[in-house]
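Colleague:
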Amino acid sequence: MSQQTMSRCITPPLSQISSPYTPVAILLTIAATLLLLLLHHKRQVVSRKREIIGRLPPGPATLPFVGNVHQLIWNKSSVFRWIHRVLNDMGADILALKLGSVHVIFVTCPEIAREVLRKNEAVFFSRPATFASDLFSYGYKSTSLTVVEDQWKKMKRILTSEVLSPSLECKLHGQRVLEADHLIRYVYSQLESTPGGCIDIRHVARHFCGNIIRRLVFGKRSFADESPAAMSVQVGPGADEQEHVDALFTLVNYVYSFCVSDYYPGLVGLDLDGHEKVAKGVMSTLDRLHSPSIDERVHEWSRRREVGNRRDAADILDVLVALEDADGQPVLSIDEIKAQTVELMFGSVVYPSNTVEWALAEMMNRPDVMQKAIDELDAVVGKERLVQESDISKLNYLKSCIREAFRLHPYHAINAPRVAMEDTSIAGYLIPKDSHVIVSRIGLGKNSKVWPEPLEFRPERHLNDGVVVLAEPDLRFITFGTGRRGCPGVSLGTSFTMVLFARLLQGFTWTKPPGIDTISLQESPTSLALAAPLVLQAKPRLAAHLYVEN
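Residue numbers for the sequence shown follow UniProt numbering, beginning at 1 and rising by one.
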């Protein structure tokens, strides 16, 4: 073989090969190896951390992929009742379900609730992203429903310093008095036109709460006609106002209602359980009723900014629209204003009206409790004038009655869920990152380890040597929430609830309708409201001139 042929057949050493791809391949191999080692190490760390923290809370057996979703669907009409049956059967204060890939943890005792909502509040700060909460908050633009901490901080600051500030609450006091006076005159006027003097307490309570929050936010009681005839005490809520209140109650029923697509996001749009249609219908109603007033007010303040003709804020909507940054530009977008308006509405209508209806229902079956409440009103206020907000601090027995109604009969079975932002431990159990943790309102309020005879209506258990308040600092039950994400409107919520309750008790003597020996306390099959509206006979108990407009 020739020397030339041999030179062509001999392969040069690897070190002499010049290829631009070899260094790249080597680097990629090294990087991939390091990445795999890092991921393996991270899994080991997470695994060791979870071993140290503990195991998941107890719960029913799960199926592959679906977890407990099949049981959720099977018990769809009253999911919360099924969950509490499981808890009772297991004798547990904490329960873990698996819905799709999400761990959902339920808590029913104050000690564990305090671990979640206080001790570990930073870990459980966020809310779950759901179809309904996204829709109802215009894309998480409000305060309570938002999942974004920066947005929450912005809106919470505006709520506490502007919307629910003591100065604005004082400024709008006269508007609240107008509606409190309208309440008692409206009931009085119905006695003449209603057979047997029977009054639908649910209608009256919801009517009052809707009127007062619309007046505080929009500056008017109704959405359309504000003529003297339409505003007469004989005229109840119109069709728009009825739709408005109904939509707010439906919103609360659906905002965190275990919609299947919340755990399988790929199913959004298929609406397998009908939730999406209902939620969209609610928002269509609220947007139709709220948007004209909001859009008109935004346009008005835009013109005023252009010409430098600002005015004092007359209501909450003015406050939201008029807020400006350092450059004189609006602080809030239209969607933020609309989202916050929705939150103010449902919080102000649903909870006070439900609580007062339940309190009166319980008291009708307890004449001794009713008499104590009347005696306190007569001693503190008398019968020569109408009870006012300024009297609330001295009406401790009445506040105890309302606290007991909050404890026994919350409108919603669960508190707004929280999301675990990292692996953590609660009550010695592992709570994996991204778990939804839910504190049960009825689990706390009816916990026999906390409350002797928990199903009995006993206001005296809330009396103490000091002033009774509606808020519950020890989380033995839930009224206005707690911690940073608690309701900032405690003062206003207390006023709404107590004025409604006290005016009805002071203004009228209430008796059961003919043929009714006991008021039924049966709950609605789909919520915790009374199954049937409370209807009672009423007789005026004050001087006639107190029911007539001056």
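Yeah, the Cβ is synthetic: ideal placement off N, Cα and C, and Gly gets one too.
Since this is a predicted model, take the numbers as computed values, not measurements.
With distances taken from CA atoms, which of V123, P60, L87 is nearest S425?
Modeller: Counted from its first residue, the sequence shown places residue 425 at position 425. The shortest C-alpha separation from S425 is found at V123.
Colleague: How long is the line joining the alpha carbons of residue 594 and P60, rounded to whole angstroms?
Modeller: Residue 594 lies beyond the residue range present for the chain, which begins at 1 and ends at 550; the question has no answer from this structure.
Colleague: Using the rule of at least 16 other Cβ atoms within 10 Å of the residue's Cβ for burial, across every protein chain shown, is Q98 buried or exposed?
Modeller: Within the sequence shown, residue 98 is the residue found at index 98, counting from 1. Checking the sequence, you will find Lys at residue 98 rather than Gln. Classification for K98: buried.
Colleague: Are the Cβ atoms of D93 and I73 separated by less than 8 Å?
Modeller: Position 93 of the sequence shown, counted from the start, is the residue given in the question as residue 93. Position 73 of the sequence shown, counted from the start, is the residue given in the question as residue 73. Taking 8 Å as the Cβ cut-off, D93 and I73 do not qualify as a contacting pair.
Colleague: Could you have a look at P292 and say whether DSSP puts it in helix, strand or coil?
Modeller: In the sequence shown, residue 292 corresponds to position 292, counting from 1. Look at P292 here: in three-state DSSP terms it is helix.
Colleague: What residue range does the beta strand (DSSP E) around K98 cover?
Modeller: Position 98 of the sequence shown, counted from the start, is the residue given in the question as residue 98. 94–99 is the span of the beta strand (DSSP E), which, as asked, contains K98.
Colleague: For E404 and G486, what's the separation of their Cα atoms in angstroms?
Modeller: As a first step, residue 404 is located in the sequence shown; it is residue number 404 there, counting from the start. As a first step, residue 486 is located in the sequence shown; it is residue number 486 there, counting from the start. Taking the straight line from one Cα to the other gives about 20 Å.
Colleague: At the level of alpha carbons, what is the spacing between S440 and Y138?
Modeller: What you label residue 440 is simply residue 440 of the sequence shown in a count that begins at 1. What you label residue 138 is simply residue 138 of the sequence shown in a count that begins at 1. Computed Cα separation, rounded: 27 Å.
Colleague: Would you say the region 182–193 touches the region 536–545, given that touching needs at least three Cβ pairs under 8 Å?
Modeller: They touch, by the three-pair rule.
Colleague: I'd like the list of long-range same chain contacts for R50, defined as Cβ closer than 8 Å, with 5 residues on each side in sequence excluded.
Modeller: Within the sequence shown, residue 50 is the residue found at index 50, counting from 1. Since pLDDT at R50 reaches only 48, below the 50 mark, its modelled position is unreliable, and no value is offered.
Colleague: What residues match up with Q537 in a beta bridge as DSSP calls it?
Modeller: Your numbering for residue 537 matches position 537 in the sequence shown. Looking at the DSSP assignment, Q537 forms a beta bridge with C198, T511.
Colleague: Report, in whole angstroms, the separation of the C-beta atoms of I105 and I478, which I expect to be a contact under 8 Å.
Modeller: Within the sequence shown, numbered from 1, the residue matching residue 105 stands at position 105. Within the sequence shown, numbered from 1, the residue matching residue 478 stands at position 478. The C-beta separation of I105 from I478 comes to about 17 Å, leaving the pair out of contact by the 8 Å criterion.
Colleague: Would you please verify whether the beta carbon of R206 is less than 8 Å from any beta carbon of chain C?
Modeller: Considering every chain present, this structure includes no chain C. It has just one protein chain.
Colleague: Go ahead and pull the three-state DSSP assignment for R418.
Modeller: Indexing the sequence shown from 1 puts residue 418 at position 418. The answer is strand: DSSP assigns R418 an E or B state.
Colleague: Per DSSP, which one or two residues make a beta bridge with T424?
Modeller: Taking the first residue of the sequence shown as 1, we reach residue 424 at position 424. DSSP output for T424 lists I431 as bridge partner(s).
Colleague: How many angstroms separate the CA atom of P330 from the CA atom of G266?
Modeller: Numbered from its first residue, the sequence shown carries residue 330 at position 330. Numbered from its first residue, the sequence shown carries residue 266 at position 266. Answer to the nearest angstrom: the Cα atoms are 37 Å apart.
Colleague: Let's see if you can read the secondary structure: which residues bound the alpha helix (DSSP H) around V369?
Modeller: Counting from 1 along the sequence shown, the entry for residue 369 is found at position 369. Residues 367–380.
Colleague: Below 8 Å between beta carbons: does that hold for S161 and E343?
Modeller: Mapped onto the sequence shown, residue 161 falls at position 161. Mapped onto the sequence shown, residue 343 falls at position 343. No, these two residues do not count as a Cβ contact at 8 Å.
Colleague: Would you kindly work out how many angstroms separate the C-alpha atoms of D474 and H182, rounded to a whole number?
Modeller: For this step, residue 474 is matched to residue 474 along the sequence shown. For this step, residue 182 is matched to residue 182 along the sequence shown. So the alpha carbons of these two residues sit roughly 36 Å apart.
Colleague: Assign K394 to one of two classes, buried (16 or more other C-beta atoms within 10 Å of its C-beta) or exposed (fewer than that).
Modeller: Against the sequence shown, residue 394 aligns to sequence position 394. Label assigned to K394: exposed.
Colleague: Go ahead and label S133 buried or exposed: buried means 16 or more other beta carbons lie within 10 angstroms of its beta carbon, across all protein chains shown.
Modeller: Numbered from its first residue, the sequence shown carries residue 133 at position 133. So S133 ends up on the buried side.
Colleague: Tell me whether Y256 counts as near the ligand PLP, meaning its Cβ is closer than 7 Å to at least one heavy atom of that ligand.
Modeller: Questions concerning the ligand PLP fall outside what the structure shown contains, since it holds no ligand whatsoever.
Colleague: Ignore the nearest five residues each way along the sequence and tell me which others in E115's own chain have a CB closer than 8 Å to its CB.
Modeller: Against the sequence shown, residue 115 aligns to sequence position 115. So the list reads I426, A427, once near-sequence residues are dropped.
Colleague: With 16 as the cutoff for other CB atoms within 10 Å, does L286 come out buried or exposed?
Modeller: Position 286 of the sequence shown, counting from 1, holds the residue named residue 286. L286 is buried by the Cβ-count criterion.
Colleague: Look at I337 and V217 and say whether their C-beta atoms are less than 8 Å apart.
Modeller: As a working note, residue 337 is residue 337 in the sequence shown. As a working note, residue 217 is residue 217 in the sequence shown. Not closer than 8 Å, so no.
Colleague: Can the beta-carbon of V381 be found less than 8 Å from the beta-carbon of L500?
Modeller: Looking up residue 381 in the sequence shown gives position 381. Looking up residue 500 in the sequence shown gives position 500. It is not a contact, given that the beta carbons lie outside the stated cut-off.
Colleague: Is T497 near L470, with beta carbons less than 8 Å apart?
Modeller: Counting from one through the sequence shown, the residue named residue 497 turns up at place 497. Counting from one through the sequence shown, the residue named residue 470 turns up at place 470. In this structure, L470 lies closer than 8 Å to T497 by Cβ.
Colleague: Give the straight-line distance between the Cα atoms of D271 and S261, rounded to the nearest whole angstrom.
Modeller: Against the sequence shown, residue 271 aligns to sequence position 271. Against the sequence shown, residue 261 aligns to sequence position 261. Between D271 and S261, the C-alpha separation is close to 8 Å.
Colleague: Would L521 and A420 qualify as a contact pair, given that the criterion is a beta-carbon distance under 8 Å?
Modeller: In the sequence shown, counting from the first residue as 1, residue 521 sits at position 521. In the sequence shown, counting from the first residue as 1, residue 420 sits at position 420. No, Cβ-Cβ distance for L521 and A420 is not below 8 Å.
Colleague: Assign V86 to one of two classes, buried (16 or more other C-beta atoms within 10 Å of its C-beta) or exposed (fewer than that).
Modeller: Here residue 86 refers to the residue found at position 86 when the sequence shown is read from its first residue. It counts as buried.
Colleague: Which residues in the same chain as R385 place their Cβ atom closer than 8 Å to its Cβ, once the five residues preceding and following it in sequence are excluded?
Modeller: Within the sequence shown, numbered from 1, the residue matching residue 385 stands at position 385. The residues are L546.
Colleague: Return the first residue and the last residue of the beta strand (DSSP E) that V79 is part of.
Modeller: Residue numbering aside, residue 79 sits at position 79 when the sequence shown is read from its first letter. Where V79 is concerned, there is no enclosing beta strand (DSSP E), although the alpha helix (DSSP H) it sits in stretches over 79–90.
Colleague: Give a yes or no on whether the C-beta atoms belonging to Y264 and V282 are separated by under 8 Å.
Modeller: Working through the sequence shown from its first residue, we reach residue 264 at position 264. Working through the sequence shown from its first residue, we reach residue 282 at position 282. No, Cβ-Cβ distance for Y264 and V282 is not below 8 Å.
Colleague: Apply the 10 Å Cβ neighbour rule to H70 and answer buried if 16 or more other Cβ atoms are within range, or exposed otherwise.
Modeller: Sequence index remark: in the sequence shown, residue 70 carries index 70 (1-based). H70 should be labelled exposed.
Colleague: Grab the span of the alpha helix (DSSP H) containing V163 for me, first residue to last.
Modeller: Here the question's residue 163 lines up with position 163 in the sequence shown. Premise fails: V163 is in no alpha helix (DSSP H) and is neither H nor E.
Colleague: Should K399 be labelled buried (16 or more other beta-carbon atoms within 10 Å of its own) or exposed?
Modeller: Against the sequence shown, residue 399 aligns to sequence position 399. Per the 10 Å Cβ criterion, buried.
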